[in-house]
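Novice: FYI, my numbering numbers position 150 of the sequence shown as 137, with every residue one higher than the one before it.
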Amino acid sequence: MSYRGRGRGGFHNNNNNNNNRSNFNQQNVDQFVSANSIPVEILGWNGATPDECIKFISRKCRIVVSNSSVDPATGVLKGYVKTPKEADELCTWSGVKFAGQSLKITKATAADSMSSQMGGTIGNSGGSTIETITSFLKTRYQPEIKMLNLSSVQQDANLVSKGFFASISTTSKFFPALMKIAKELKLDVNSVDLSGNNLTDISTISTLAQTFPLLQNLSLSNNNFNRLKSFETWRHKLNFLRELIIIGNPLFNNQANPNDVLNIKIELMKSFPRLIVLNGEIVRNEQLLLSNLTFPFESSQSMFFQDEEVQNMSTNFITNFYKLWDSNRQDLLVLYQENSQFSMQVDSSHPYVMDTNTTGSYGSSTDFGYYLPQSRNLTRVSSVKSRATRVAQGQEQIFKLFSQLPKTRHDLLSHPQLFSMESHRFPQLNGIIITLHGSFEETAIPDNNEAVSGNQGQPRNRYGSQKHKKIALSTKSFDRTFVVIPGPNGSFIVASDLLSIRSFGGSEAWNDITRSAEGTPQPQVAAPPANIPPVAPPSQVPTPTPTAADLPAEVKANLNPIQQDILVKILLETKLNLQYGIMLCEQSNWDYQQCTINFKNSVASLPRDAYIA
């Protein structure tokens, strides 16, 4: 019997009465806390009652603090707000006078939040939740082999005595709490054993991927997984998982058909792209896989120019252009002619990093309000009319759009490492294409701010009138591409100007300091088990490249010319030997496309001797 709702997924206690009134009330509290889950702490409220303090904060700060309680040990008034933004705003009110005292308002740590959500102390034996879980982790962690043993957790006598599995509510909270504290302890973990925990799916242990994203070895043996779909929760998350053990689960125990087992292996390899060992069996060629996953590029370059002449022209153009762009955009109009075009788009889905110069929080101040009215992001703007009207053509329209964008500062000269540029010739127009990547700081609102506000720059309320919300200025990243053609008397003409605005993303993509010559850093991969011999990679087909004429005479005698060509092509692409190549073609009815599909489906199960020695 499996539970439904919050407790589904394992760590079950089947001996509890889960329909009593206390559990029902606890579930209501759990749902309420999940919607108001950002913890805050308040000191200095003692001049009045906690309820009066909460009401005062609601009136004064316009922020609702929910599910408040007083910690009897410390006297701290604890509560929850809905979002991190509300928590940050509430903290700015720290110092406000209440009942003759100054309130001190801070955000609680994750550990404090955990203790509060799980009841502070659990059971009658005393001891805080955090201390109990921390102690449990330390006894289960083996630093010498970087392994965290979480097998048969529900049978741990200390956890049971503390009441961690006394109800569905506390059971469902245990593993997320465990992972949060493990993350705070900064445990160096390569392997996790979750065997024997009555798990039926990944839901209760999904946070494992966030806590240990570089996990290499995982055991889920002797649980109750019976659906392959359960593992989709971790697809593209545990990207460095090398070994997985799931024996002793109905998923494998109930599969008598070898084809079904093969399909399970293939799907698991799709979910975990670096999976090498499954239930002790090597399912991939590790050396070949690592070579395929290694970037074949040399270390990144921040600047690329087709030749020296292009370098001189493009650097001079960019330097002078951005000097005027940051100071007087009207003077740039001499570069644009009647047929010149300019358009701008916002990429709000682009990943961001912390901008310590502006906010100190991840992307919290990124506001695209000045750009969205004229954004021509084709994935967002589907109307043909809107797409056409958001391309500015000619000096008048281009300058109008220029004046609706915030004033900026680009530190090209003082911090050139923050920018990357590529430039090459464009023979069709006898010009050059220049692409610049980097970041800029918004220094002031647009000159033509009224046009922005009158369009879509300011949101409207339910009655249709404008809300005068101040749009925050911040540091943003950009990509800009110019098509520059020669003009009269050795001047430049900008034929096309494309600007893309996105959240601040830093300059790590092109800085050699942050990237190794091999590309994306790879974690150290443990060697295969000693009792399983490594699979040698298939050797390369010797040169010169064979043709149908090189096939043995006895083979050509049984094949027509078309079949001979298909066989040679398959041998070259798959590196199979002649025997297995013929078998593959025959089983695919000599259909080249079907040969390719069948090879991909069976490559994991082919023996070493199937390849050319």
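In this text, a Cβ means the ideal position worked out from N, Cα and C, and glycines have one as well. Keep in mind it's a predicted model, so treat the numbers as computed, not measured.
Among the candidates Ile458, Asp334, Glu325, Ile305, whose CA atom is the shortest distance from the CA of Ile488?
Specialist: If we check each option's Cα against that of Ile488, Asp334 comes out closest.
Novice: Met134: which of Val140, Leu174, Leu146 sits nearest, CA to CA?
Specialist: The residue with the shortest Cα to Cα distance from Met134 is Leu174.
Novice: Quick check on this structure: which residue in Asn545, Cys582, Glu541 has the alpha carbon closest to the alpha carbon of Lys556?
Specialist: The option with the nearest alpha carbon to Lys556 is Cys582.
Novice: By alpha-carbon positions, which one of Ser81, Leu181, Ile189 ends up nearest to Gly31?
Specialist: Residue Ser81 is the option with its Cα nearest to Gly31.
Novice: Please report how far the alpha carbon of Thr302 lies from the alpha carbon of Glu295, in whole angstroms.
Specialist: In a straight line, the C-alpha of Thr302 is about 11 Å away from that of Glu295.
Novice: Over what stretch of residues does the beta strand (DSSP E) that includes Glu219 continue unbroken?
Specialist: First-last for Glu219: undefined, no H or E at that position.
Novice: Classify Leu565: buried if its beta carbon has 16 or more other beta carbons within 10 angstroms, exposed otherwise.
Specialist: With fewer than 16 other Cβ atoms within 10 Å, it is exposed.
Novice: What does Gly425 pair with, by DSSP beta-bridge criteria?
Specialist: Gly425 pairs with Phe465.
Novice: For the pair the segment 220 to 228 and the segment 187 to 207, tell me if three or more CB-CB distances fall below 8 Å.
Specialist: Yes: at least three Cβ pairs fall under 8 Å.
Novice: With respect to the alpha helix (DSSP H) encompassing Ala196, which residues constitute its N-terminal and C-terminal limits?
Specialist: It spans 195 to 198 - the alpha helix (DSSP H) in which Ala196 sits, taken as one unbroken run.
Novice: Give the straight-line distance between the Cα atoms of Asn326 and Ser390, rounded to the nearest whole angstrom.
Specialist: Whole-angstrom Cα-Cα distance: 19 Å.
Novice: Hey, Ser330 and Arg363 are a contact pair by Cβ (cut 8 Å); roughly how many whole angstroms apart?
Specialist: Between Arg363 and Ser330 the Cβ distance is about 5 Å, and since that is below 8 Å, they are a contact.
Novice: With distances taken from CA atoms, which of Asp188, Gln332, Ile192 is nearest Leu137?
Specialist: Cα-wise, what sits closest to Leu137 is Ile192.
Novice: Pick from Glu28, Val248, Ile233, Ile472: whose alpha carbon is nearest that of Gly267?
Specialist: Closest option to Gly267, Cα to Cα, is Ile233.
Novice: Give the secondary structure of Thr116 by DSSP, where H, G and I count as helix, E and B as strand, and everything else as coil.
Specialist: Helix.
Novice: Can you name, in chain order, every residue of its own chain whose Cβ lies under 6 Å from the Cβ of Tyr567, other than the five neighbours on each side?
Specialist: So the qualifying residues of the chain are Ala597.
Novice: Given Phe629, which residues of its chain have a CB within under 7 Å of its CB, disregarding the five upstream and five downstream residues?
Specialist: The structure shown does not extend to residue 629, since the chain is modelled only from -12 to 600, so the question has no answer here.
Novice: Considering only their Cβ atoms, is the gap separating Arg377 from Phe427 smaller than 8 Å?
Specialist: No, the pair does not count as a contact, with Cβ atoms beyond the cut-off.
Novice: Going by CA-CA distance only, name the one from Leu423, Pro393, His411, Lys387 that's closest to Pro403.
Specialist: Pro403 has its Cα closest to that of Leu423, out of Leu423, Pro393, His411, Lys387.
Novice: Taking contact to mean at least 3 C-beta pairs separated by less than 8 Å, is the segment 49 to 56 in contact with the segment 64 to 72?
Specialist: The segment 49 to 56 is in contact with the segment 64 to 72.
Novice: Where are the beta strand (DSSP E) runs, 3 residues long or more, that stay fully inside the segment 245 to 293, in chain order?
Specialist: Taking only runs of at least 3 residues, the beta strand (DSSP E) segments lying wholly in the segment 245 to 293 are 290 to 292.
Novice: Considering only residues of the segment 22 to 68, which uninterrupted alpha helix (DSSP H) runs meet the minimum length of 4 residues and lie entirely inside it, listed in chain order?
Specialist: With a minimum length of 4 residues, the continuous alpha helix (DSSP H) runs that stay inside the segment 22 to 68 are 37 to 48.
Novice: Identify the continuous alpha helix (DSSP H) that holds Arg316 and give its terminal residues.
Specialist: That residue, Arg316, is in no alpha helix (DSSP H); it is neither H nor E in DSSP.
Novice: Below 8 Å between beta carbons: does that hold for Asn184 and Val248?
Specialist: Against a cut-off of 8 Å, the Cβ pair of Val248 and Asn184 comes out as no contact.
Novice: What is the DSSP secondary structure of Glu505, counted as helix, strand or coil?
Specialist: With a pLDDT of 41 at Glu505, under the threshold of 50, the modelled position of this residue cannot be trusted, and the question is left open.
Novice: Suppose you measure from the CA of Phe292 to the CA of Leu320; what does that come to, to the nearest Å?
Specialist: Rounded to the nearest angstrom, the two C-alpha atoms are 26 Å apart.
Novice: Counting C-beta neighbours from all protein chains within 10 Å, is the total for Lys463 16 or more, i.e. buried, or is it exposed?
Specialist: When all chains shown are included, Lys463 counts as buried.
Novice: Would a C-beta distance cut-off of 8 Å place Gly425 and Leu400 closer than the cut-off?
Specialist: No. Outside cutoff.
Novice: Rounded to whole angstroms, how far is the Cβ of Glu219 from the Cβ of Ser190, which I believe are closer than 8 Å?
Specialist: With 8 Å as the limit, Glu219 and Ser190 do not qualify as a contact, their Cβ atoms being about 11 Å apart.
Novice: Are Asn236 and Phe212 closer than 8 Å when you measure CB to CB?
Specialist: Cβ distance < 8 Å, so Asn236 and Phe212 count as in contact.
Novice: Using DSSP's beta-bridge definition, name the partner residues of Leu563.
Specialist: Answer is Tyr598.
Novice: So, Glu28 versus Val63, is the Cβ gap smaller than 8 Å?
Specialist: Taking 8 Å as the Cβ cut-off, Glu28 and Val63 qualify as a contacting pair.
Novice: Determine the DSSP secondary structure at Lys173, reduced to helix, strand or coil.
Specialist: Three-state DSSP puts Lys173 in coil, outside helix and strand.
Novice: Put Arg412 into one of helix, strand or coil per three-state DSSP.
Specialist: Note: Arg412 maps to strand in three-state DSSP.
Novice: Among Trp577, Ser122, Thr561, Ile599, which residue has its Cα nearest to the Cα of Asn547?
Specialist: For the residues Trp577, Ser122, Thr561, Ile599, the minimum Cα distance to Asn547 belongs to Trp577.
Novice: Please classify Ile584: is it buried, with 16 or more other beta-carbons within 10 angstroms of its beta-carbon, or exposed?
Specialist: When all chains shown are included, Ile584 counts as exposed.
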